[in-house]
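Chains as they are written, first to last, in my numbering: chain A, 55 to 341; chain B, 1116 to 1429.
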């Protein structure tokens, strides 16, 4: 109970306002503590990556040490093929997702097919079937199709993995396009293709970027399919991480450097685009 | 996103859609949908059809001669197999507990981030980072530098509380794995709930304040109902991804000690890669899919409700 709530008709006295300010600062402190606690493992990973191996496994843990780039050099010299595979699988599948997803989202929003609701539910429902359940047969199919340990297989599967969420997100962005613009384009005699390329795409392009971002995050981070269906010719960055853990000897600094290098691209992109990330997720949420 | 925008969209659709669509018009509408539809049907449904097929076959990688018909033997084996049932239960426990804890934390963090304070953008950036980090990297960093019994940072920070060199991944393996999953998914929940909070019309909150409603009552009566579709969506998406979670189990505990952290994905991975039992894994997969469909039916109802919200203009 504050004085203000007892006598609402009176102008606010000074005291509660000051208390409010303290309260606000208090919330800020709590939020900062939570934020730092959540970030701590990431900070520790990056810090450990700069340690010499001998300083990484000490008790008590060391916060002050002479930083070295030795482990980063080792990582950069070893990750080449893995990085290439990851970039190809991520970029390839994301482009394919957008090429397939934009027309599909269009057919479910702007000029919707009759049973657009069923279509949308079908896309979402495929995400609910756990892919792990089919991993054995998937292996056999890939073997017969000569796609085992091939980067094409990862592109194909990552596209299928991300397409439902992408269709759903892009559709919600397309619903935002003002109807008057579409009608004006129609009066101008614009066909469906011109309607997409000249009216819709310029408006939804920020939405497409946040959709692409989500696809990049999931494809870049994917491990289960990669570990089961590839060995060397298409092994991706998460698999490089696993290979950086040796059977014996000190490896914590090396592991941290590899984990840092593998994670940093997505983290930085995510930081820069966090606003559109929030928007994209929330738009998918409600529309 | 405002109430007005959400309400406007379906109305516009109605005005564009002509009353009588001709045959040609209908195909014109369908055409852009077909590539994605066919792609998803082929790539996601065929493996499941093949799974169904193999579940009735006796098929081992390491045995020559290929597959032979096995009838329902794979299914009876799966049902009587304690390891399979155990992994099923652990999957449910892991998914449910991590999703619920992550959502509770997510709501709290979102409320914190919805207030104005110094450095809010920086704190939000710090909090979303665990969602962006590669799960395999997260699992390895937690297993090594963070939770190691001899040099781990967690033991060091907990020392003042009487914790001495606890081997978390042996003594509390399941809790450790769940904790890492919660750490990775709380940011996602926070983002979704935060978007919900920020889409709340400020004037209703002002009105509640003028009416003398307390902060707690306002939250329960106004904010929580408004957040509901956002919370439901977060739980749904979180479950979809967490039920498949493999990285943390494989890289932190390798399913152990014993089978104490073996969830379904890890069990199936072992069946295919170490027991070479394609038929058995397929039967286990089919059972999993059937159970998932039962759960997903309820989940899809949730989606249907979300769309009703949309049409009602809420």
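The beta-carbon is built from N, C-alpha and C at its ideal position, and this holds for glycine as well.
Residue 1391 (chain B) is not bridged by DSSP to any residue.
Sorting B:1163, B:1192, B:1239 by C-alpha distance to the C-alpha of residue 1228 (chain B) places B:1239 at the top.
Within chain B, the C-beta atoms nearer than 8 Å to that of residue 161 (chain A) come from 1144, 1145, 1146, 1147, 1148, in chain order. Look at the segment 1205-1232 of chain B: the residues with a C-beta under 8 Å from a C-beta of chain A are 1224, 1227, 1228, 1230, 1231, 1232.
At least one C-beta of chain A is nearer than 8 Å to the C-beta of residue 1362 (chain B).
Interface annotation, residue 206 (chain A): not in contact with chain B, CB-CB separation never under 8 Å.
The alpha-carbon of residue 290 (chain A) is positioned some 45 Å away from that of residue 1316 (chain B). Taken through DSSP and simplified to helix, strand or coil, residue 284 (chain A) comes out as coil. 8 Å or more divides the Cβ of residue 334 (chain A) from the Cβ of residue 1393 (chain B). Using a Cβ-Cβ cut-off of 8 Å, residue 142 (chain A) does not count as an interface residue toward chain B, since no Cβ of chain B sits closer than that to its own. The segment 118-137 of chain A and the segment 1276-1296 of chain B do not touch, with fewer than 3 CB-CB distances between them shorter than 8 Å.
Within chain A, 85, 86, 88, 89 have C-beta atoms less than 8 Å from the C-beta of residue 1238 (chain B), given in sequence order.
Residue 1298 (chain B) is classed as buried because its beta carbon has at least 16 other beta carbons within 10 Å across all chains shown.
Around the beta-carbon of residue 1279 (chain B), fewer than 16 other beta-carbon atoms lie within 10 Å, marking it exposed. Judged by pairs of C-beta atoms under 8 Å, the segment 1177-1193 of chain B does not touch the segment 1264-1271 of chain B, as fewer than three such pairs exist.
If you draw a 10 Å sphere on the C-beta of residue 234 (chain A), you find fewer than 16 other C-beta atoms in it, and that means exposed. In the DSSP assignment, residue 1173 (chain B) forms a beta bridge with B:1183. The contact set of residue 1317 (chain B) on chain A, defined by CB atoms closer than 8 Å, is empty, because the minimum CB distance reaches about 17 Å. About 4 Å separates the beta carbons of residue 292 (chain A) and residue 1251 (chain B), which is inside the 8 Å limit, making them a contact pair. Contact check for residue 1352 (chain B) and residue 332 (chain A): beta-carbon distance about 14 Å, past the 8 Å limit, so the pair fails to qualify. If you draw a straight line from the Cα of residue 1374 (chain B) to the Cα of residue 225 (chain A), it is about 43 Å long.
By the neighbour-count criterion, in which a residue is buried when 16 or more other Cβ atoms sit within 10 angstroms of its Cβ, residue 1221 (chain B) is buried. Distance from the CA of residue 237 (chain A) to the CA of residue 1329 (chain B), rounded to the nearest whole angstrom, comes to 48 Å. In the DSSP assignment, residue 325 (chain A) falls within the alpha helix (DSSP H) that extends over 306-326.
Proximity of the segment 261-276 of chain A to the segment 213-222 of chain A meets the contact definition, three or more beta-carbon pairs being nearer than 8 Å. Distances from the CA of residue 239 (chain A) to each of A:252, A:115, A:228 were compared; the closest alpha carbon is that of A:252.
Close partners of residue 1342 (chain B) in chain A (Cβ separation under 7 Å) are lacking, with about 11 Å as the shortest Cβ gap.
For residue 320 (chain A), the closest alpha carbon among the candidates B:1196, B:1245, B:1148, B:1283 is that of B:1245.
For residue 1282 (chain B), the CB contacts under 7 Å within the same chain, skipping 5 residues up- and downstream, are 1264 in chain order. In this structure, residue 317 (chain A) sits near residue 1249 (chain B), with a CB-CB distance shorter than 8 Å. Under the 8 Å criterion on CB atoms, residue 190 (chain A) is classed as interfacial with respect to chain B.
The Cβ of residue 1234 (chain B) sits closer than 8 Å to at least one Cβ of chain A. Where residue 132 (chain A) is concerned, the enclosing alpha helix (DSSP H) starts and stops at 124-132. Contact between residue 1260 (chain B) and residue 102 (chain A) holds, with the beta-carbon distance rounding to 5 Å and staying under 8 Å. Taking the Cα positions, residue 1412 (chain B) is about 19 Å away from residue 1214 (chain B). Residue environment analysis places residue 1286 (chain B) among the exposed positions, since fewer than 16 neighbouring C-beta atoms fall within 10 angstroms of its C-beta.
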